[in-house]
Structures are given as C-alpha cells and as structure tokens.
Amino acid sequence: MKDTEIIIPVKVAAYEELEASDRRLVDLAREATHRSYAPYSRFRVGAAILLDNGETITGANQENVAYPSGTCAERTACYYAHATYPEAKFVTIAVAARDTDGKEVAQPIAPCGACRQALLEYETLAGHDVRVILTGAKEMFILPSVKSLLPFAFTEFD
Ligand SMILES: [Zn+2]
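Counting from 2, one number per residue, gives the positions in the sequence shown under our numbering.
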C-alpha cells in the first residue's frame, strides 16, 4: 500500500490579466447569464465555449417546475455546440454566475458533477485538453483541462 496525491494545477487571475481571447469568452459567459431561465433557484449561470473552428457557443441554465427536467448552463452550451458543429473540437469553456441578488458571484463557481462528466466526453472527443475558466467578480480560476476537474472520471476511453 502506498499514498499518492492528485494535484490540480489552477491559475488564479484577475479579469485584466486574461488574454484578450479569454476575456472575450468570459464576457460572453457573463452575458449569457442574462438568458438564464431560473425562476426557482434565481441562480443564473452562463457558459461560453470556444470551438476550434473559431465559433463561440453560449448557454444558460434552463430550469423547469419539474426540477430534474432543467439543464445547467454548461450542458446547454456543450450540447448546443456539438449539435450545431459536430465536427468542431472544444478549445476553452468559461462559466459565470450571478447570485439571487443578480450580482456576479465573488468567487468562481465550478460545474456540477453531471456537467463535468458531460464536458469530459467532449474533451475526449477533441483529443486534447479543453481549458476551463471559472469566473468570479474578484478572480478567475483557470484549469488546464476538464479532466483536472474530474479526477477518477468514469470513461470507457481509458
Ligand atoms: Zn451542471
């Protein structure tokens, strides 16, 4: 028996420190929060995915009175992206959120487990790491890949 560790590399940056293309993606994710349909949680989430064909796809959480029928912003965006451009590979995803007062969350939020699993599938399809930018009003967390968000992931591709 031995001990081991999983270390997740995370860059912490202010918005102003991001490269222009990342700032644009963050802007789009923030903008997408306004298209959220969240009458129940009032927690508005937006996601923006940059594809390798140069297109950017956004999504926002869509709730339903039958709660499990709703979908998170990340899955709305990734399913829309792949349904629209099935040949394109994901490059980067940015996620933003506003709290119940309508203000951007101070600290970055992270995708739920189901979204991590869904995003991992598209990272696997891409054949390369897909960067993840988790945004907050004060700082951003930049992760090098989806799999860094989901250690011990369930996958048939390993
Ligand atoms: Zn989710």
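Heads up, the beta-carbon is just placed ideally off N, CA and C, and yes, glycines get one too.
request  = Tell me whether G114 sits in a helix, a strand or coil according to DSSP, three-state version.
outcome  = The DSSP-derived three-state label of G114 is helix.
message = Residues in the same chain with beta-carbon distance under 6 Å from L135, minus the five sequence neighbours each way, listed in chain order, please.
response = V96, P109, A111 and F142
message = Quick check: does the Cβ of P112 come within less than 6 Å of any heavy atom belonging to ligand 1?
response = yes
key: Residues near R24 by beta carbon distance below 7 Å, same chain, minus five either side   = Y16
request  = Answer yes or no: does any C-beta atom of chain B fall closer than 7 Å to that of D4?
outcome  = The displayed structure is made up of one protein chain only, and chain B is not part of it.
task = Taking 8 Å as the threshold, find out whether the region 54-66 comes into contact with the region 120-134 through three or more Cβ pairs.
result = no
key: Sequence ranges, alpha helix (DSSP H) only - wholly within the region 9-92, length at least 4   = 21-33 and 74-85
query = Considering only C-alpha positions, which residue in the set P10, T34 and Y68 is nearest to D102?
reply = Of the listed residues, the one whose Cα sits closest to D102 is T34.
ask   = Does the Cβ of A115 lie closer than 6 Å to at least one heavy atom of ligand 1?
value = yes
task = Given a cut-off of 7 Å, decide if R132 and T93 are closer than it, judged by their beta-carbon atoms.
result = yes
ask   = Could you give the distance in angstroms between the alpha-carbon of A154 and the alpha-carbon of D130?
value = 14 Å
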